[in-house]
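In our numbering, the protein residues as written are 9 to 307.
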């Protein structure tokens, strides 16, 4: 028994440090996310959506381009969600259709968080002409409607996941810069930053070592809000036919393709629309719960 316990403790102690840190960070995030009733709902809803996206393609009864019946056939034992405007199985296309939306909705805000966090922190900490130029560029880009800007980018780059990722990132970066700059200006007035500057440390070094780590909570909360925003923008692009092109299976594209049969076979439109709304709401409630938990703990 003693030997077994020693072996178990040795195995635990030799576990890679990055894995232990990642597991601890994940547990902390889940604890903060489930700190409110709405947060628990958001985590549960997000888990359901992720399970559908990951496991769904393996459970799809038909291929996404396979015609299995007449157009807009109603729900029955063979087609659990009916068929679409071409007679393809709605359930199969739905199970395949969320991967790109979820991936881009997470990846684009992450890239914008990294770029916007660095640029906004530098602008707020350095100040002067650098801050003025960056702020002017951000204001100009933010004055353009997000969907129009994304459409202009896709018009030059083409359609598909790659161009859509570029378009979403360009749309999200200016807002991330503005949030990071505001958080930096707030942190720059704190005692520890003033003490570091009084010691003669370089402003860039102070921004990286002192300011950026203390704005992570603000940037994390903003990241959660931008995930839902990115999902809505990409769904709109797919609805317009520039996010994904037929015959790809995509939730936004499914809404566009089947809207002509909304009164005949509403499930083909309602199911992907509800999935997009559920993902957006779940991300928003989880990020709000984390922000409230952190705020309550710091008060």
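Beta carbons: idealized from backbone N, C-alpha and C, even for Gly.
- Taken through DSSP and simplified to helix, strand or coil, residue 78 comes out as coil.
- Contact between the region 97-107 and the region 185-196 is not established, with fewer than three Cβ pairs separated by less than 8 Å.
- For the region 80-119, the continuous alpha helix (DSSP H) assignments of 4+ residues that do not extend past its boundaries occur at 98-104, in sequence order.
- DSSP places residue 156 in the uninterrupted alpha helix (DSSP H) bounded by 154-165.
- Less than 8 Å separates the beta-carbon of residue 77 from that of residue 91.
- With respect to the C-alpha of residue 70, the residue from 138, 180, 59, 96 having the closest C-alpha is 96.
- The alpha carbon of residue 173 has as its nearest neighbour, out of 81, 63, 53, 116, the alpha carbon of 116.
- CA-CA distance, residue 182 to residue 85, rounds to 49 Å.
- A distance of 8 Å or more separates the beta carbons of residue 113 and residue 279.
- A contact between stretches requires three or more CB pairs, one per stretch, nearer than 8 Å, and the region 124-132 meets this requirement with the region 191-198.
- Residue 207 carries a coil assignment under DSSP once its states are collapsed to helix, strand and coil.
- In the structure shown, residue 194 falls within a helical segment according to DSSP collapsed to helix, strand and coil.
- In this chain, the alpha helix (DSSP H) harbouring residue 48 covers 45-67.
- Following the DSSP letters along the chain, one finds residue 136 inside the alpha helix (DSSP H) bounded by residues 136-150.
- For residue 243, the CB contacts under 7 Å within the same chain, skipping 5 residues up- and downstream, are 109, 259, 260, 284 in chain order.
- With respect to residue 179, residue 160 sits apart: the two C-beta atoms are not nearer than 8 Å.
- Comparing C-alpha distances from residue 56 to each of 296, 288, 299, 197 shows the shortest one belongs to 288.
- DSSP places residue 257 in the coil class of the three-state scheme, outside both helix and strand.
- Per DSSP, residue 251 lies in no alpha helix (DSSP H) and is assigned neither H nor E.
- Between residue 294 and residue 247, the alpha-carbon positions lie close to 26 Å from each other.
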